[in-house]
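Residue numbers (the numbering used here), protein chains in the order written: chain A, 1 to 455; chain B, 1001 to 1273.
Note that CB positions come from ideal geometry on N, CA and C, so glycine has one too.
Given the structure is predicted, the values throughout are model-derived calculations rather than measurements.
I have placed the structure first, in the form of C-alpha cells, so that the comments after it can refer back to it.
Pasting the structure below:
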C-alpha cells in the first residue's frame, strides 16, 4: 500500500516537473528572445535608449561568400552619422534557399523585416504586390546624387507599377573561365575576347575532347545554374530575336526557334561535351572539376575569382592557369540584380533608417569594397577602380576590361523567368539530357509552366 | 558445401555491414580532411588527423547551442508522443465506442497534410499564443506530426498482444489502470521503443518547421546549423563533415542503446498467424 503511494507521488512529481519544464521552455525563452520574427515585435521601433531598432534577416552568414563583407557593412554603418542611432536585430538564415522559403512565408503573413534582402530569386514583384514593402520612389527623388549612381535599366528592373521598390546593390555578369594549360595541351589557342561563332566554340570542344579533356561544366540540380548560363548565352547570342527574348522579363512563350535551337544544343552538350555527373549534379562539384583541372571551361561570374587562389579549394598556382573569355559572338550575361527592399512597417523613423542603410550599402566606397571583398560587380557604371586592385587581382581587372568588349548582353533565367518556370527548367533538364523528351517538348513544358502564372 | 554456404553468409553480412557503416566511417574520415583532399579524392586518407575542422565547425555556426536545443526539443517531443500514443492507441485497438471511426479518420487525414500548407497558419497562431520562436512551439508541432504514424504502429502492435492476458488480470481483480500499466505497457515496450525511435529520427532531422517557426538561437535545431556550412558559392565540406559527425552521434548512440527492443518489435508478430 505504502509502496503504491510512493509510486503515485513519484509519478505526480514527474508529471509536474514535465509540465513546469515545458512551461519554462516557453516563458524563459520569450524573455530571452533576442530576435523576434521581424515584424512580430513591431512595437519595438525605438527602445528606451532612443535607438531605432531595425529587424534584418541576414543570409550572408556562415560560409557565405559575402558573410565577411556584410558583417563589415553593418558594423561600419553604425559608425556613421545616420547609423549611430540604429541598432540591428538580426535573424540569421543560412543559405539563400532557406532564406527564400522563409521570406515568402513572411510576405504572406505580413511580417517582413525592416531591411529585406533579395536573395537569389527575384522577390521584388511578389513583395511589392503584397503591399508589405515600402515605395522608395520619393527617397530617390529627394536625393538626385544617390539616384544618379544607378542607370535606368537597374532602376526599371526594381520598379513595379511605376514605383521603385528595390535598391540594386550590384550588377551580375557572367562569361567563360577556361584553363589555359588544358587548351595548350589540346593544341588550341583561346581567343582574346571570344569565339566568333558557336561553331568555332564547338570545334574547340572537339579538339579538347580528342585529347581526352572534358570541355565544359554543366549541371541540372539546384536550378541548373551552369546550364542556365549556357542556355541563356545560346539564346541571347542568336540574332536580334534571341537577344530580345533573353532580355524579356517573365517570358511566356518558350517555343520560339531560338529557344528550341538552344535546347537542342544543350541536349548535345550534355551528351557530348560534359562530365558524367552533370545530370543530377549541381554547381559545387562542377566547380571542383574545374579546380581539379578535369574540365576546360565553366561559365560563371566574378564572385568565383577568390576561389581560384584559395588553396583549400584549388591547387596552388591555379589562379595563374585561368583565363577569361566572353561567350561566342562576344555575348555576356549582364543583369541588374533584384535590389534590397524596405519593409512597410508604417513607422517613418524605421523606414528612414533602413533607407539610410541602403544608401550606405550602395555608396561608391562600399561598391568598391564589395568588389574587393566578394567580387560583386559595382552597380554604378563610372566608378573609379583603384589601381591596387588591378595589381593585386589581375583576373578581376581583366573582367572589368573584357566586359566593355561585349557586343551583346542578355539576361539569365534566374533573374528573368517565373520561379515555377525556373523549377521546371531544373526538373526537366535530366529528361532532356537523357533524350527522354525532345527539345521542342522541353520548351513546351516551360511554356506550360509559365502559362500557369497567367491563370 | 557447408563451408561455401557459411562463406556466402559472411559475405552477405559483410556487404550489408559495409552499406550501413560505410557512410558513417566515410564521413568520420572526411571530417579530418582538408577541402582540397575532399575534392581531389572522395576515398583518400586524410594527410593528418588534426581537429582543425572540428574547431572550424564551431566557428561558423552556433552548433553547440543548436545541439542542446535539439536534445531538449526532440527529447520532449518523443516523451509527449509516446505518452499520448501509448494510451490513445490502446483504447482504439481494444474498445468499440462512438465516433471511433471518425477519430481514426481524423488521425489518418492529418498524415496527408503537407508541411507547407500548414506553416502559415501555424506561424500566425504561434505568434498570437506567444510560443513563436520557443522550444515549446516546436515540441507541440513535432509531437503533433509524430502522433499519426506512431498511432497506427501502436494500434497494430497492441493487436498482437493477446486479450486473454487482460481477461486474466481482470479475473484476478486488477483495475483497468493496473492492467494497462502493469500488464499491457511492459508487453508493448518494443512497440513503444519503435515509435520513440521513429519520432526521434524524424524530429532530429526536421528542417522546415525549425526554420519557419523560429527566428533566433533559442529554439533552432541542428539541421539549421548544418546549413551554415553550405553558403552561396562557398561551401566548407570539411567543417560540414565535422559537424555531421558530431550531430549524428546521438542518433547512433540512441539506436545502439535501444536496438534490442527495436529488433524485437520489428520481428514481433512475424511468426503469428
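With distance defined between alpha-carbon atoms, name the residue in B:1084, B:1071, B:1035 nearest to residue 1205 (chain B). Translated into the one-based positions of the second chain, residue 1205 (chain B) becomes position 205. Residue B:1071 is the option with its Cα nearest to residue 1205 (chain B).
Between which residues of its own chain and residue 153 (chain A) is the CB-CB distance below 7 Å, once the five residues before and five after are set aside? Within the first chain, the letter at position 153 stands for residue 153 (chain A). Cβ within range, chain order: 336.
The alpha helix (DSSP H) that contains residue 364 (chain A), what's its start and end? Within the first chain, the letter at position 364 stands for residue 364 (chain A). 364 to 374 is the extent of the alpha helix (DSSP H) around residue 364 (chain A).
Name, going along the chain, the residues of the stretch 94 to 123 of chain A whose beta-carbon falls closer than 9 Å to a beta-carbon of chain C. Looking for chain C here will not work: the only protein chains present are A and B.
Straight-line gap, residue 1088 (chain B) to residue 1151 (chain B) (C-alpha atoms, nearest Å): Walking along the second chain from the start, residue 1088 (chain B) turns up at place 88. Walking along the second chain from the start, residue 1151 (chain B) turns up at place 151. Rounded to whole angstroms, residue 1088 (chain B) to residue 1151 (chain B) spans 8 Å at the Cα level.
Interface residues of the stretch 62 to 83 of chain A facing chain B [CB-CB below 9 Å]: Interface annotation for the stretch 62 to 83 of chain A against chain B: 62, 63, 64, 65, 66, 67, criterion Cβ-Cβ distance under 9 Å.
Going by C-alpha distance, which of A:424, A:367, A:311 is nearest residue 1037 (chain B)? Against the second chain, residue 1037 (chain B) aligns to sequence position 37. Ranking A:424, A:367, A:311 by Cα distance to residue 1037 (chain B) puts A:311 first.
For residue 297 (chain A), the first and last residue of its enclosing beta strand (DSSP E): As a first step, residue 297 (chain A) must be located in the first chain, where it is residue number 297. Under the DSSP assignment, residue 297 (chain A) falls in the beta strand (DSSP E) whose first and last residues are 295 to 300.
Assign residue 52 (chain A) to one of three DSSP states: helix, strand, or coil. As a working note, residue 52 (chain A) is residue 52 in the first chain. DSSP places residue 52 (chain A) in strand when its eight states are reduced to three.
Chain B beta carbons: is any one of them nearer than 8 Å to that of residue 284 (chain A)? Counting from one through the first chain, the residue named residue 284 (chain A) turns up at place 284. By this cut-off, residue 284 (chain A) is an interface position.
If we require 4 or more residues per run, which alpha helix (DSSP H) segments fall completely within the stretch 283 to 357 of chain A? For the stretch 283 to 357 of chain A, whole alpha helix (DSSP H) runs of length 4 or above, ordered along the chain, are 283 to 291, 305 to 308.
4 or more residues per run - each alpha helix (DSSP H) lying fully within the stretch 382 to 435 of chain A: Correct list: 387 to 392, 394 to 402, 413 to 416, 419 to 433.
What is the DSSP secondary structure of residue 1068 (chain B), counted as helix, strand or coil? By one-based count along the second chain, residue 1068 (chain B) stands at place 68. The answer is helix: DSSP assigns residue 1068 (chain B) an H, G or I state.
Whose C-alpha, out of A:146, A:217, A:92, A:96, is nearest the C-alpha of residue 367 (chain A)? Within the first chain, the letter at position 367 stands for residue 367 (chain A). Looking at the Cα atoms, A:146 is the closest of the given residues.
If I measure Cβ to Cβ from residue 65 (chain A) and keep anything under 8 Å in the same chain, skipping five residues before and after, which residues do I get? Reading the first chain from its first residue, position 65 is the one you call residue 65 (chain A). Here residue 65 (chain A) has 303, 306, 374, 375 as same chain residues with Cβ atoms under 8 Å from its own Cβ, once five neighbours each way along the sequence are excluded.
Which residues does DSSP pair with residue 58 (chain A) in a beta bridge? Against the first chain, residue 58 (chain A) aligns to sequence position 58. Its beta-bridge partners are A:92.
Count Cβ pairs between the stretch 257 to 274 of chain A and the stretch 423 to 442 of chain A that sit closer than 8 Å; are there 3 or more? Yes, they touch.
List the whole-angstrom C-beta distance separating residue 270 (chain A) from residue 433 (chain A), where the pair is believed to meet the contact cut-off of C-beta under 8 Å. On the first chain, residue 270 (chain A) is found 270 positions in, with the first residue counted as 1. On the first chain, residue 433 (chain A) is found 433 positions in, with the first residue counted as 1. That pair is a contact at about 4 Å.
Interface residues of chain A around residue 1196 (chain B) at Cβ under 9 Å? Residue numbering aside, residue 1196 (chain B) sits at position 196 when the second chain is read from its first letter. Among the residues of chain A, none has a CB under 9 Å from the CB of residue 1196 (chain B); the nearest is roughly 16 Å distant.
Beta-bridge pairing of residue 1162 (chain B) - partner residues as DSSP gives them: The residue given as residue 1162 (chain B) occupies position 162 in the second chain. Beta-bridge pairing links residue 1162 (chain B) to no other residue.
In chain A, which residues lie less than 8 Å from residue 1113 (chain B) when you measure between Cβ atoms? In the second chain, residue 1113 (chain B) corresponds to position 113, counting from 1. Under the 8 Å cutoff, chain A gives no residues; its nearest Cβ is about 16 Å from residue 1113 (chain B).
With H, G and I counted as helix, E and B as strand and the rest as coil, what does DSSP make of residue 1060 (chain B)? Translated into the one-based positions of the second chain, residue 1060 (chain B) becomes position 60. Residue 1060 (chain B): helix per DSSP, three-state reduction.
Counting beta carbon pairs with one atom in the stretch 321 to 335 of chain A and one in the stretch 401 to 415 of chain A, are three or more of them shorter than 8 Å? With a cut-off of 8 Å, the stretch 321 to 335 of chain A and the stretch 401 to 415 of chain A count as touching, because enough Cβ pairs lie within range.
Once DSSP output is grouped into helix, strand and coil, what is the label at residue 256 (chain A)? Here residue 256 (chain A) refers to the residue found at position 256 when the first chain is read from its first residue. DSSP, read as helix, strand or coil, puts residue 256 (chain A) in coil.
What's the gap between the Cα of residue 385 (chain A) and the Cα of residue 170 (chain A)? For the purposes of this step, residue 385 (chain A) is taken as the residue at position 385 of the first chain. For the purposes of this step, residue 170 (chain A) is taken as the residue at position 170 of the first chain. About 15 Å.
State the beta-bridge partners of residue 178 (chain A) as determined by DSSP. Here the question's residue 178 (chain A) lines up with position 178 in the first chain. Beta-bridge pairing by DSSP links residue 178 (chain A) to A:297, A:323.
At which residue ranges does the stretch 82 to 167 of chain A contain complete beta strand (DSSP E) runs of 3 or more residues, listed in the order of the chain? Segments of the beta strand (DSSP E) lying fully in the stretch 82 to 167 of chain A: 86 to 92.
Tell me where the alpha helix (DSSP H) around residue 1021 (chain B) begins and ends. To locate residue 1021 (chain B), count along the second chain from 1; it is residue 21. Following the DSSP letters along the chain, one finds residue 1021 (chain B) inside the alpha helix (DSSP H) bounded by residues 1002 to 1030.
Scan the stretch 201 to 257 of chain A and note each continuous beta strand (DSSP E) run of 3 residues or more that stays entirely inside, going in chain order. As far as the stretch 201 to 257 of chain A is concerned, its whole beta strand (DSSP E) runs of at least 3 residues are 214 to 216.
Out of A:239, A:214, A:109, A:246, which one is the CA nearest neighbour of residue 229 (chain A)? Numbered from 1 along the first chain, position 229 holds the residue referred to as residue 229 (chain A). Residue 229 (chain A) has its Cα closest to that of A:246, out of A:239, A:214, A:109, A:246.
Cβ neighbour criterion (16 or more within 10 Å) applied to residue 1018 (chain B): Taking the second chain and counting its residues from 1, the one referred to as residue 1018 (chain B) is at position 18. Its Cβ having fewer than 16 others within 10 Å, residue 1018 (chain B) is exposed.
Residue 181 (chain A) at chain B interface by Cβ criterion, 8 Å: Position 181 of the first chain, counting from 1, holds the residue named residue 181 (chain A). Taking 8 Å as the CB threshold, residue 181 (chain A) stays off the interface with chain B.
Taking C-beta to C-beta, are residue 327 (chain A) and residue 194 (chain A) nearer than 8 Å? Numbered from its first residue, the first chain carries residue 327 (chain A) at position 327. Numbered from its first residue, the first chain carries residue 194 (chain A) at position 194. Yes.
Where does residue 171 (chain A) fall in DSSP's three states? Indexing the first chain from 1 puts residue 171 (chain A) at position 171. In this structure, residue 171 (chain A) counts as strand in the three-state DSSP scheme.
Within chain A, partners of residue 1120 (chain B) - CB distance below 7 Å: Position 120 of the second chain holds residue 1120 (chain B). Going along chain A in sequence order, the residues near residue 1120 (chain B) (Cβ under 7 Å) are 105, 108, 109.
Just to confirm, is the Cβ distance from residue 1159 (chain B) to residue 1108 (chain B) under 8 Å? Here the question's residue 1159 (chain B) lines up with position 159 in the second chain. Here the question's residue 1108 (chain B) lines up with position 108 in the second chain. Contact flag unset, no.
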